[in-house]
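Everything below concerns the one structure shown next.
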Amino acid sequence: MRIGIVGGPNSGKTTIFNALTRSATAATAYSSGRLEVHTAVVDVPDSRLGFLAEMFAPRKAVYAQVTYNDIAGLTSDTASAGQIRGPLLNAIAANDALLLVARAFDDPNVPHTNDQIDPGADLTAMEAEFLLNDMVTIEGRLERIAAQRSRGPVEERQRLAHEEALLSRLYPYLEEGTPLREATLSAEEMKLLGGFGFLSLKP
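Numbering (the UniProt record's numbering), first residue to last: 1 to 203.
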């Protein structure tokens with residue numbers, strides 16, 4: 001599993017990354033607003049595996065692993081008006097789940113980028129930007145489907161029609177401010193959506 005840690009500069013996300021991974025990454029290295037990703041892989045403790053390893057004595061006991069990605073680059077400028085795109089969008093979308101970090105501490109030596117400590121507003125802004133990016137993605141895909149659905153073999157037209165119906169069903173969720181993860185989706189539909197990298201679909 002890949003978990004992306006996302007938050008604004010000086011929000012404390014690198015401190016959380018270090019706590020989760022026992023790393024010693026300098027938090028100041030990620031306060032510039034430039035896109036940077038720091039990665040660490042952590043074994044998931046499992047007493048059952050240790051018990052089985054003692055019983056069967058395999059050559060190697062392999063634990064499940066979690067990859068944590070500390071993603072820098074989200075600022076008040078990028079987290080507004082559809083500005084999460086390009087490499088930053090790809091870095092966030094590449095994860096299976098997102099851990100959103102909002103600043104709740106006050107430190108006069110580390111000013112908040114918006115000059116105001118409001119973690120609720122920060123989380124709302126990040127979620128709203130994810131919704132907006134997903135809306136843009138769906139709009140673009142529906143436009144391409146409209147241009148393609150009259151061409152090609154019958155099977156391809158049927159596949160496009162199915163995809164169009166699904167995306168059209170999901171779009172109102174985003175319009176109402178509801179993340180796609182709250183939509184009821186079948187395993188087949190989740191598989192179809194897998195290639196889009198929808199941010200609001202991630203837990």
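Note that the Cβ used here is the ideal one computed from N, Cα and C, for glycine as well.
**Contiguous alpha helix (DSSP H) assignments of at least 4 residues, all confined to the stretch 34-68** = Those alpha helix (DSSP H) runs which fall completely within the stretch 34-68 and span 4+ residues are 47-56.
**Item:** DSSP three-state assignment for residue 29, whether helix, strand or coil
**Value:** Reliability of the predicted coordinates at residue 29 is poor, the pLDDT of 48 falling under 50, and the value obtained from them is presented with this limitation in mind. Note: residue 29 maps to helix in three-state DSSP.
**Asked** Under the DSSP definition of a beta bridge, which residues are partnered with residue 2?
**Response** In the DSSP assignment, residue 2 forms a beta bridge with 67.
**Message:** Does the structure place the stretch 1-21 close enough to the stretch 100-107 that three or more beta carbon pairs sit under 8 Å?
**Reply:** yes
**Item:** residue 46 to residue 133 span [Cα, whole Å]
**Value:** Roughly 37 Å separates the two Cα atoms.
**Prompt:** So what does DSSP say about residue 86, is it helix, strand or coil?
**Reply:** helix
**Message:** So for residue 102, helix, strand or coil by DSSP?
**Reply:** Residue state, collapsed to three classes: coil.
**Asked** Within this structure, are the beta carbons of residue 96 and residue 3 separated by less than 9 Å?
**Response** In this structure, residue 3 lies closer than 9 Å to residue 96 by Cβ.
**Asked** Looking at the C-beta of residue 10, does it have a partner C-beta in chain D at a distance below 9 Å?
**Response** The structure shown contains no chain D, having only a single protein chain.
**Asked** Where residue 25 and residue 184 are concerned, what is the direct C-alpha to C-alpha distance, given to the nearest angstrom?
**Response** 39 Å
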